[in-house]
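In case it helps, the numbering used here puts the sequence shown at residues 1207 to 1327.
Think of the CB as a built atom: it goes at the ideal place given N, C-alpha and C, for glycine as much as any other residue.
For reference, the structure discussed in these notes is given below.
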Amino acid sequence: MASGKQQPETELHGGVLSGNGSPVLWGWLIGLVVFAFVAVPISIAVRFATHPATQQLFGGRLEEASSGGYSAFWWIVAIFLFAVPVLIGWGVAKLSGRTLAIIVGILALFFIAILVFGQLF
């Protein structure tokens, strides 16, 4: 080089997929991917909750359950399924052991509540 000065090379950043990606953007991306996987079960749970005639599809004990209990059960399932991508995206954004414990606790609590509520009706 004739001038003796070297220009620093600029480092390119590729956004969320680069090595220096933002944890929040990773959380959003993973949450969106998980939401794509649970979109159909969410719509099915909402359909079961809003159409009481679907109660006859399950036969047995569910035919004898009250219409309100049946609808409430499916609304709780729909809310749980909608919360899963949010929880997973938040967990990826935080990436700590405490966050993982909170997510596992919330998922276990929802799962137990759905099992208990399902046995009541």
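Since residue i is in the alpha helix (DSSP H), which residue starts that stretch and which ends it?
| i | result |
| --- | --- |
| A1245 | P1229 to T1256 |
| Q1325 | G1303 to L1326 |
| A1278 | S1273 to K1300 |
Closest to residue i by CA distance: which of the options is it?
| i | options | result |
| --- | --- | --- |
| P1291 | W1234, V1322 and P1258 | W1234 |
| Q1325 | L1313, A1251, Y1276 and A1307 | Y1276 |
| L1287 | F1317, T1256 and Q1262 | F1317 |
| I1282 | V1239, G1237 and V1322 | V1322 |
Distance check for residue j and residue i, CA to CA, integer angstroms please.
| i | j | result |
| --- | --- | --- |
| V1230 | G1297 | 10 angstroms |
| L1218 | W1232 | Confidence at L1218 is low in this model, with a pLDDT of 47, below 50, so its placement is unreliable and the value that follows should be read with caution. Between L1218 and W1232, the C-alpha separation is close to 19 angstroms. |
| G1220 | A1299 | Below a pLDDT of 50, predicted positions are generally treated as unreliable, and G1220, at 47, falls in that range; no measurement from the model is reported. |
| I1309 | I1285 | 15 angstroms |
| G1303 | A1314 | 16 angstroms |
| F1254 | L1301 | 35 angstroms |
| F1307 | S1272 | Per the sequence shown, the amino acid found at residue 1307 is Ala instead of Phe. In a straight line, the C-alpha of A1307 is about 36 angstroms away from that of S1272. |
| E1270 | Q1261 | 9 angstroms |
| A1245 | I1294 | 15 angstroms |
| S1228 | P1247 | 30 angstroms |
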